Structures are given as structure tokens and as C-alpha cells.
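Let me begin by presenting the structure, written as C-alpha cells, before commenting on it.
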Amino acid sequence: MSDNDFRLKGSVVTTVLLEVKSLNLEQIELGLKEKITQVPQFFNQAPLIIDISQCSTSISLVQFKDLVKICRELGLAVIGWRAVEDAIPVWRFDSDLPLLPNANSRQINIKSETPAPAKDPHVVIKTVVEEREVFQPTKMITKPVRSGQQIYSSGDLVVLSQVSAGAEVLAEGNIHIYGALRGRALAGVKGDTSARIFCKNMEAELVAIAGNFMLSDALQKIIWKDAAQVLLVDETLEIASL
Amino acid sequence: MAKIIVVTSGKGGVGKTTSSAAIGTGLAMKGHKTVIIDFDVGLRNLDLIMGCERRVVYDFVNVINKEATLTQALIKDKRTKDLFILPASQTRDKDALTKEGVEEVLNELSKDFEYIVCDSPAGIEKGAQMALYFADVAIVTTNPEVSSVRDSDRILGILQSKSRRAEQGSSPIEEHLLVTRYNPERVSEGEMLSVADVEEILAIPLLGVIPESDAVLKASNQGTPVILDTQAEAGQAYSDAVDRLLGEQRPLRFTDVQKKGFFKRLLGG
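Which chain is which? The protein sequence lines are A and B, in order. Each residue of the first sequence is one higher than the last, beginning at 1 in UniProt numbering. Each residue of the second sequence is one higher than the last, beginning at 1 in UniProt numbering.
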């Protein structure tokens, strides 16, 4: 057995959920068609889950398969279905599609850009976004970051040495520099406005937090060649001594 | 196994070839069998500084291309025992250097020599990367001015990321700072960076400070490594640097402004 051949990983996919309220297949087909023509690129081969838990009548296997056929003909990729836990149809193992568990997930209603015409009462389309917190480890750099080098951390970044002029350090979180900062430091690059930059000796070419930046000319008037932290207060950069 | 020393800087004209010639000669004078290789293919200079330009028959590229053997290409220095020069080709460009070819030549030289000094071309492109790739020790030559210091910083980054030692994850290249063309008077007038400034920015140990000196230009034009000029301050400073490279302690000289004597002041000299 070799570990190089494959890897098993968890993954989160945004899917479209089709909640069936009453089993009127013609109406559902018409309604779906209308929705799809509004944003065709969104629905093209979009993974779809059919949810029959809110359906007022029970569904036979034939009806279910017809519904699946309709969805597929409209270009949707049906990947599974859901039902109320204590009312799962008897044909559950004959549907050829996996029965998915009901997730306690956040639901976001998709708003179409054009005002929706006469709403179809039978079809409600919802996107389900399942969020998972992923631990982002701190990146630790023990040697000087030299001119021309670029360091990126998807979490915090700690530099135990200096950052030379012409070097660039970027982090999605905070940046700590236990030496002179002579190059560029950009914290919160993915938009985290609470990120900060700390350094023992401020001589930076540029500092930035979540896209708000300041150049050395401005820095020299506030704190220069001294310990400093950079933070964002009401979308304005503040340089404070440490 | 020979120790491979690269003399590099990033910036051109800071004294890499002068330093390679001086340090290579210094090591040989101390009884270590040394070869200096000119990696500046297309801009061959080392042979001029060493005064052996009329004895070049085969070159480094000929050896890589197996058009000549190492023994045919190596030039034995006439002044210093245990010193050899492997000149660069003047008619080719840096693309003539291949990693495999360079490695083969270095392996062959390692059998006979104690030190291999690689005189790097300027820049950070192929030629410079070839010169530093196999190095065990790097002598970063820097002039006390901002552009030279920044280029040296850049080359230090390349030493740490693109050398064989970095790629194989073995112990990093030993880095030394050599400050050349140092003029204490101009430093005291604030026209030049001080040794302390350069050391602070580059954060690597200092190997030596070579004072700016007319003797360097004179030596270059005569084809004599300046280290052989024992009267000149630059020659003495290179001797100190070689001693430090071999692990000896030497106090730093020629870095302070020399007070003019009474007569000099009187005569306005």
C-alpha cells in the first residue's frame, strides 16, 4: 500500500436545494425553467439536492424518478435527496441516489437580479453553504527576509529576524517582526480589518492592513526607527508605539 | 574534499574579481592548494588581474564540453606556489555553463585542491547562480553605498534559496561580508555608509574591510594580485581577511580616519 497514490480529504461544496412543496411535476418543470433562464450560468451543471421533507403528499418511486429526470434534462446535476427522518419512503434503496442526512446548516436565499415575476408557489430554491473552521497555523521565519524575497502566511506570521528593504511579508492574520522592518509588510490581506503589524524597529517602505496602506514618508513623521504597531481604526491606519 | 568559496555581490564593479584574485592568492601563500575559477563567461577578466592572459589556451567551457582536459586548461601561477587559474571563455556566453558540467569539473578539482574560489559574474542570472550553486562558503563583496548593499541582500536571499545546500536541506552556506573600497574620511563626512551600517543591514559576520586604495588599480593594471603588495593598506587588509577566513583572529585595521601629523598639517598635505 502506498500513501502516494491517493489522499482522502473532507470538502465542502455549495449545492442547490430543491424543496418540493406539492407534487405538481408540470408546474415544477415550468418554474424551474423560468429560474434557470434568469441565471443560466449559475444553474448549468449545478449540484442539486432534492428535498421532499416538506412535500404535502407522499411521493412514489416513479414520481421521484420523473422529477430527477426533469432536473437532469434542465441541466442540473442531481447528487442526492433528503426526506423527513421519520417519514422516509419505502423505496429509499431503489432510488439509485444517496439519501443525505438533514444538515443543520445556514440557509441563504438567492436573490435574482431581475425582480422575480409571478412566484411559483411549488418551487423554492435555496443555496446551502456549509462552513467549517479550519485552523491556520502561524508561519515562523527565523532568518532575515532578504531583498526580493516574499513570504506569505495564511495565518499569522512571525519573523524572528529582520525584513530587508525590497522584501515583502504578507499574512492573512497578524505580522510580528522581532527585528527591523525595512521592507513591506501587509497584514490582513484577505480583508481582516482587526489584523495588526508589530515590529521592533520601524523603517518600513510600506505597511498595509486589509488594503489600507501607508508609505515610509508618512511613517517617518509618526514613528521611525523605534518599536511600533500598526492597526486599523475606522478604516484609518494608526501607528502606535509599543 | 575541497572547500568551495564563491565571491559574489549582485552588483557589478564592486571588486569581486580583485577579491577573488587576492583571497585565492592569499590561501595559496598560506600553503593551501587553491584554484580560482572565472565564472564570468564572455567577460573574462580574472586572467588579466592575475597577469596570465597570454597563457590562456583552453578555458572552463572547453573543459565542460570535453574539448580539453582539466590539466590542459589549468594555468599554474608563476609567482605563487600551489595556485592555479581556470579561465573563462571570452567567445561564449553564460548558457555554455550547465549544472552537470560545472559539477563534474568541481568534483574533479575537489580531488586535488583544498580550496576552489569561484569568481562570480555580476547579476543574479544564470552565470551568478551557477557560480554560487555548489558553494560551501560565500564571500559577499559590498561597497559602502546603498545600491550595492541592497544587491548584496538580494544575493544573500538567493544563496539561501537557490544553492545546492538550500535545495538539499543541508547546513546553509557559510556567509561572510567583505566591505571593499572603504574610505574612512568620506564615512566621517557622512558621504558613505559606515561598516556598522552595512553590518546592521546585511546581518552577516564581517570578514574584512578593504580600504579604497590606488594600489588596487595599479595592481590590476600590472596583473599582480594586490595582496602581494605588502606595503599597501589594501594588500594588508586582504591578508587579514584571509587569516580570518582560516579561523584566525585579526583586529580590524584601516577603518578609522588617520590623524594628519604635525608636518602634514603644516604643509597642508
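Glycine included, each C-beta is placed from N, C-alpha and C at the ideal position. The model shown is predicted, which means the values in this text are computed figures rather than measured ones.
task = Using 10 angstroms around the beta-carbon of N109 (chain A), count the other beta-carbons present and answer buried if the total reaches 16, otherwise exposed.
result = With a pLDDT of only 49 at N109 (chain A), under 50, the local geometry of the prediction cannot be trusted, and the value read off the model is given with reservation. Exposed, by the Cβ-count rule.
ask   = CA-CA distance, T65 (chain B) and Q231 (chain B)?
value = This sequence places Asn at residue 65 (chain B); Thr is not what is there. Spanning the two alpha carbons is a distance of roughly 43 Å.
inquiry  = Between which residues of its own chain and S188 (chain B) is the CB-CB distance below 8 Å, once the five residues before and five after are set aside?
reply    = V257
message = Taking its Cβ as the centre, do 16 or more other Cβ atoms sit within 10 Å of R106 (chain A), making it buried, or is it exposed?
response = Confidence at R106 (chain A) is low in this model, with a pLDDT of 42, below 50, so the placement of that residue is unreliable and no value is reported for it.
ask   = Does Q38 (chain A) get closer than 9 Å to chain B when you measure Cβ to Cβ?
value = no
key: Chain-ordered neighbours of K143 (chain A) on chain D, where CB pairs are closer than 7 Å   = Given the protein chain composition of this structure (A and B), no chain D is represented.
ask   = Do you know offhand how far S112 (chain A)'s Cα is from V16 (chain A)'s?
value = Residue placement at S112 (chain A) cannot be trusted, given a pLDDT of 48 that sits under 50; what the coordinates show is reported in the next sentence. Approximately 14 Å, taken between the alpha carbons.
ask   = What are the boundary residues of the beta strand (DSSP E) that includes Y152 (chain A)?
value = Q150 to S153
key: Test: D153 (chain B) CB closer than 9 Å to a CB of chain A   = yes
query = DSSP state of V41 (chain B), grouped into three classes?
reply = coil
ask   = What number of angstroms, rounded off, separates the C-alpha of A218 (chain A) from the C-alpha of F60 (chain B)?
value = 52 Å
request  = Output yes or no for whether 9 Å exceeds the beta carbon distance between I124 (chain B) and G12 (chain B).
outcome  = no
query = Tell me which same chain residues have a C-beta within less than 7 Å of the C-beta of S152 (chain B), skipping the five on either side of it?
reply = S9, G10, V140, T142 and L202
query = In angstroms, rounded to a whole number, what distance separates the CA positions of residue 297 (chain B) and R182 (chain A)?
reply = Since the displayed chain B opens at 1 and closes at 269, residue 297 (chain B) lies outside it and no answer follows.
query = Should V7 (chain B) be flagged as near chain A, meaning a C-beta pair shorter than 9 Å?
reply = no
ask   = Count the other CB atoms within 10 Å of the CB of K94 (chain B); is the residue buried (16 or more) or exposed (fewer)?
value = buried
query = Are Q90 (chain B) and L156 (chain B) touching if we call contact CB-CB under 9 Å?
reply = no
task = Since I believe C118 (chain B) is in contact with V6 (chain B) (beta carbons under 8 Å), could you give me their beta-carbon distance rounded to a whole number of angstroms?
result = 4 Å
request  = Would you mind working out which of B:L246, B:R250, B:P251 and B:Q222 sits nearest T18 (chain B), comparing C-alpha positions?
outcome  = B:Q222
key: Short Cβ contact (9 Å threshold) for A219 (chain B) with G208 (chain B)   = no
ask   = Are the Cβ atoms of L48 (chain B) and S20 (chain B) separated by less than 9 Å?
value = no
task = Please list, in chain order, all residues of the same chain as Q249 (chain B) whose beta carbon is under 6 Å from its beta carbon, the five residues on each side excluded.
result = none
Counted within 10 angstroms of its Cβ, other Cβ atoms place T80 (chain B) as buried (16 or more) or exposed = buried
query = Which residues in the same chain have their Cβ closer than 8 Å to the Cβ of H122 (chain A), if we skip the five residues on either side of it in sequence?
reply = V20, K21, S22, N24, Q27, I28 and G31
message = Whether or not the stretch 166 to 173 of chain A and the stretch 185 to 194 of chain A are in contact is what I'm after, with contact meaning three or more pairs of Cβ atoms, one per stretch, closer than 8 Å; do they touch?
response = yes
ask   = Would you report the Cα separation of N107 (chain B) and E191 (chain B), rounded to the nearest angstrom?
value = 45 Å
query = Under 9 Å between C-beta atoms, does Q149 (chain A) make it to chain B?
reply = yes
ask   = Is the stretch 223 to 237 of chain A close to the stretch 191 to 210 of chain A, with three or more CB pairs under 8 Å?
value = yes
task = Please name the residue in A:P101, A:I59 and A:N102 whose C-alpha comes closest to that of W91 (chain A).
result = A:I59
task = Please classify F64 (chain A): is it buried, with 16 or more other beta-carbons within 10 angstroms of its beta-carbon, or exposed?
result = buried
task = Look at the alpha carbon of L48 (chain A) and the alpha carbon of D86 (chain A), and state the distance between them as a whole number of angstroms.
result = 23 Å
task = Ignore the nearest five residues each way along the sequence and tell me which others in G31 (chain B)'s own chain have a CB closer than 7 Å to its CB.
result = D82
ask   = By the 10 Å Cβ neighbour count, where 16 or more other Cβ atoms means buried, how is G211 (chain A) classified, buried or exposed?
value = exposed
task = Return the Cβ separation of G148 (chain A) and A167 (chain A) in integer angstroms, given the expectation that the two are a contact with Cβ distance under 8 Å.
result = 7 Å
task = Please check if any C-beta of chain B sits within less than 9 Å of the C-beta of Q162 (chain A).
result = yes
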